[in-house]
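In my numbering, the protein residues as written are 723 to 850. Even for Gly, the Cβ is constructed at its ideal location relative to N, Cα and C. Okay, structure first, notes after.
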């Protein structure tokens, strides 16, 4: 797979998340996906994402930086949102916060097989 093909698939994935199109998610994420070294499977991955949208109704994934080196992608995602309650053990409670996530993906063909994520919780804490 070329860099441009992988980039296109990743942008489709981000768009899928922003639209909360959970039916399309299975086309983009492997049935046996691993998240931070743990096999969560597609259903577990979807459940985490659905929980994120419940906790953050105005959640929107915005690509700030994207590096493609097939079969991997490194991305910095930016969030500007208002979580309704506690977020990452921090009492946000409807306040607007901005933070970033550094995330690496490994693809098997055209689907995400592994995800490693680090969220800048200190940025959130600093705004509270």
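Output the residue ranges of the beta strand (DSSP E) runs that lie fully inside the stretch 738–784 and measure 3 residues or longer, sorted by chain position.
-> Listed in chain order, they are 751–757.
Take the Cβ of residue 752 as the centre, count every other Cβ of all protein chains shown within 10 Å, and call the residue buried at 16 or more, exposed below.
-> Stepping through the chain shown from its first residue, residue 752 is reached at position 30. With 16 or more other CB atoms across the displayed protein chains lying within 10 angstroms of its CB, residue 752 is buried.
By Cβ distance below 8 Å, which residues in the same chain neighbour residue 844 in space, the five residues on each side in sequence not counted?
-> Here the question's residue 844 lines up with position 122 in the chain shown. Excluding residues within five positions, none has a Cβ falling inside 8 Å.
Near residue 790, what residues of its chain come up, given a Cβ to Cβ distance below 7 Å and the 5 sequence neighbours on each side ignored?
-> Sequence index remark: in the chain shown, residue 790 carries index 68 (1-based). Same-chain partners within the cutoff: 725, 728, 729.
To which residues of the same chain is residue 806 closer than 7 Å at the C-beta, ignoring the five residues directly before and after it?
-> Residue numbering aside, residue 806 sits at position 84 when the chain shown is read from its first letter. Here residue 806 has 777, 779, 816 as same chain residues with Cβ atoms under 7 Å from its own Cβ, once five neighbours each way along the sequence are excluded.
Measure the Cβ-Cβ separation of residue 799 and residue 785 and say whether it is below 8 Å.
-> Numbered from 1 along the chain shown, position 77 holds the residue referred to as residue 799. Numbered from 1 along the chain shown, position 63 holds the residue referred to as residue 785. The Cβ atoms of residue 799 and residue 785 lie closer than 8 Å to each other.
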